[in-house]
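Taking it in order: structure first as structure tokens, then the write-up.
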Amino acid sequence: MLAKFGSRSARIGKSVIIVVTIGAGVFGLSSALHLTENGYTDILLLDGQKFDANGYLPWNGADSASSDTRKVIRAADGKSGMMRRPPPLFVNCGWARLNEHGETIAVEVDTLETMQKLGLRESQYRLDDTGERARAVEQGWSETSIDPFHRISQGLPLGGVFDSLTGFARAADTCAFVLNKIKQLGVRTLFGSTGRVAQLLYSSEEGLQRAIGVRTANGEDHLSDVVIVAAGAYTHELIPGLDDTVTAAAGSIVHVRVPAHLQERFGSDRFPVTIWNYTETSENGSFSIFPLDEYGTLKFLYGAPQWRNISDRPDALNQRSISLLTSWSFDQKTNVPTVMIDKVKEFISEYIPELTNAEIILAKLCWDAVFLDKEFMIDWLPGVESCMIITGGSNHGFKFLPTLGKYVLKILGGKPDPYTRLRKCRAPSEEESEAFKVGNLAPARSLNRQTMTASAGDLGW
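Okay, so the sequence shown: first residue is 1 according to UniProt numbering, each after it adds one.
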């Protein structure tokens with residue numbers, strides 16, 4: 001076959017290509033899965049997290065964007081066979097996208113029109129329409145699924161859409177399932193200190209730089225024909241040349257323990273994935289709430305602002321300011337701005353008052369890689385042979401676990417398609433570069449200006 005490693009082509013069989021993949025989150029798992037299912041037999045997957053031991057669960061100390069209890073899976077996704085195994089990795093509890101204005105906002109009108117064209121309009125319910133709400137109940141959805149905050153009974157306006165095709169994935173279980181599958185298929189793994197990549201290794205051949213492997217934190221070198229960097233928010237630390245197109249941005253996650261007598265009310269058969277004050281803009285102050293998990297907690301996600309942790313890194317010409325992800329410890333159980341804890345408490349007190357004073361047992365930042373256009377980048381690294389980058393996604397990468405690796409496979413096999421051409425690594429325009437810099441350095445997003453929680457004691461009411 002013709003395997004294309006950047007601009008260089010070589011006739012080489014899949015079975016003798018050594019592939020090192022950095023990162024065992026969704027991007028790395030999907031890449032390894034598609035490669036091993038399509039004839040690549042020598043794949044090494046590395047990650048500094050001990051995912052083989054902690055099962056991707058934050059309760060066990062896992063700390064990455066993929067390490068979560070719940071991830072929303074929208075209507076157009078989540079149809080992979082892996083989502084249908086018992087116990088279900090995908091739960092179809094619906095998604096209530098709500099606002100307090102008692103209207104259907106423009107982006108939702110557009111969504112309903114799109115679903116109409118797809119023949120799926122019957123699965124969507126306008127919540128400002130009495131007839132539409134009644135139709136949802138007639139078709140088996142609970143009244144609390146379409147009005148999770150009991151606004152109608154209080155005489156308060158309710159606007160938005162209930163999407164009955166959507167639900168959530170049991171995120172940690174899904175990742176652990178895929179990890180187990182690829183290991184059964186022969187993928188080798190190194191986790192913890194032996195899998196923490198400190199740097200890429202390069203060689204120069206006839207004026208061309210080539211990635212030849214990686215060096216891990218314990219000083220061991222792992223040589224390969226191809227290096228795939230699927231390191232999420234850590235990508236631009238490993239590849240400094242990407243720091244003008246990729247950054248690390250974080251939303252705030254809080255878990256609240258639900259008292260036993262209230263747990264039935266928040267189960268997935270009565271309480272959907274809910275987003276409050278939904279708009280098309282990700283940093284508008286909206287809250288997402290997920291149904292009760294197996295540990296008796298509700299997960300709250302607050303994404304405004306998307307935090308940056310700015311640090312100056314010198315290069316040959318000047319100081320470059322980049323955002324670096326922070327660490328989190330389950331022993332501390334927190335590492336978020338105190339203002340976020342206050343926001344969650346205010347939200348609970350106003351919209352779910354029965355949970356006022358409920359114990360906040362965990363708070364953390366969820367770090368994602370954000371690309372220029374908020375989409376994915378899947379491409380060879382310009383100027384470096386045999387190094388592929390898969391990054392970006394900007395807070396919506398998880399639901400593409402079943403498909404992302406397909407595009408890695410296409411690029412590695414020298415068979416690009418219209419989608420891979422759209423997701424190429426590229427230099428930003430002058431306008432994009434300025435907007436990217438301004439966004440990164442915005443004072444409102446700076447963790448350096450925030451007081452951070454330091455222990456579980458800081459989470460109390």
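We put the CB at the ideal spot given by N, CA and C, even for glycine.
Exercise. Okay, do the stretch 45–55 and the stretch 17–25 touch, 3+ Cβ pairs below 8 angstroms being the bar?
Worked result: The stretch 45–55, when compared against the stretch 17–25, does touch it at the 8 angstroms Cβ threshold.
Problem set entry | Continuous alpha helix (DSSP H) stretch holding P305: start and end | No alpha helix (DSSP H) contains P305, which is instead part of the beta strand (DSSP E) from 297–307.
Exercise. Under the three-state reduction of DSSP, which class applies to H222: helix, strand or coil?
Worked result: Of the three classes helix, strand and coil, the one that applies to H222 here is strand, per DSSP.
Exercise. When the Cα of D244 is compared with those of V256, L372, A136, S252, which residue comes out closest?
Worked result: Among V256, L372, A136, S252, the Cα nearest to that of D244 belongs to L372.
Problem set entry | Per-residue DSSP class, three states only, for S288 | S288: strand per DSSP, three-state reduction.
Exercise. DSSP state of F266, grouped into three classes?
Worked result: Look at F266 here: in three-state DSSP terms it is helix.
Exercise. Looking at C-alpha atoms only, which residue of T334, V137, K117 is the closest neighbour of G61?
Worked result: Nearest C-alpha to G61 among T334, V137, K117: T334.
Exercise. For C387, which of helix, strand or coil comes out of DSSP?
Worked result: Note: C387 maps to strand in three-state DSSP.
Exercise. Are the stretch 55–71 and the stretch 433–441 touching by the rule of at least three beta carbon pairs closer than 8 angstroms?
Worked result: No contact exists between the stretch 55–71 and the stretch 433–441.
Problem set entry | Cβ-based neighbour list, L324, same chain, cut-off 7 angstroms, excluding 5 preceding and 5 following | Contacts found: E237, A248, N309, S311.
For this session: Determine the extent of the beta strand (DSSP E) in which A198 is found, giving its start and end residues.
Result: Annotation for A198: the continuous beta strand (DSSP E) segment containing it runs 197–205.
Problem set entry | For D42, the three-state DSSP class (helix, strand or coil) | The answer is strand: DSSP assigns D42 an E or B state.
Problem set entry | C-beta contact flag for G28 and R97 at 7 angstroms | Not closer than 7 angstroms, so no.
Exercise. Out of S429, L459, G393, which has the shortest C-alpha to C-alpha gap to T356?
Worked result: With distances taken between Cα atoms, T356 lies closest to L459.
Exercise. In angstroms, rounded to a whole number, what distance separates the CA positions of N218 and L201?
Worked result: The C-alpha of L201 is placed about 15 angstroms away from the C-alpha of N218.
Exercise. If you draw a straight line from the alpha carbon of G393 to that of E113, how long is it in whole angstroms?
Worked result: Note on geometry: alpha-carbon atoms of G393 and E113 lie some 25 angstroms from one another.
For this session: Go through its chain and collect everything with a Cβ distance to P58's Cβ below 6 angstroms, but skip five positions before and after it.
Result: S67.
Problem set entry | Buried versus exposed call for D163 [16 or more other C-beta atoms within 10 Å across all chains shown] | Residue environment: D163 is assigned as buried (16 or more neighbouring CB atoms within 10 Å of its CB, all protein chains considered).
For this session: Report yes if the C-beta distance between A176 and Y56 is below 7 angstroms; otherwise report no.
Result: Cβ atoms of A176 and Y56: closer than 7 angstroms.
Problem set entry | Extent of the continuous beta strand (DSSP E) to which F168 belongs | Note, F168: beta strand (DSSP E), 167–169.
Exercise. From S455 to Q332, what distance separates their C-alpha atoms?
Worked result: Rounded to the nearest angstrom, the gap between the Cα atoms of S455 and Q332 is 5 angstroms.
Problem set entry | T114 (DSSP reduced to helix, strand or coil) | In this structure, T114 counts as helix in the three-state DSSP scheme.
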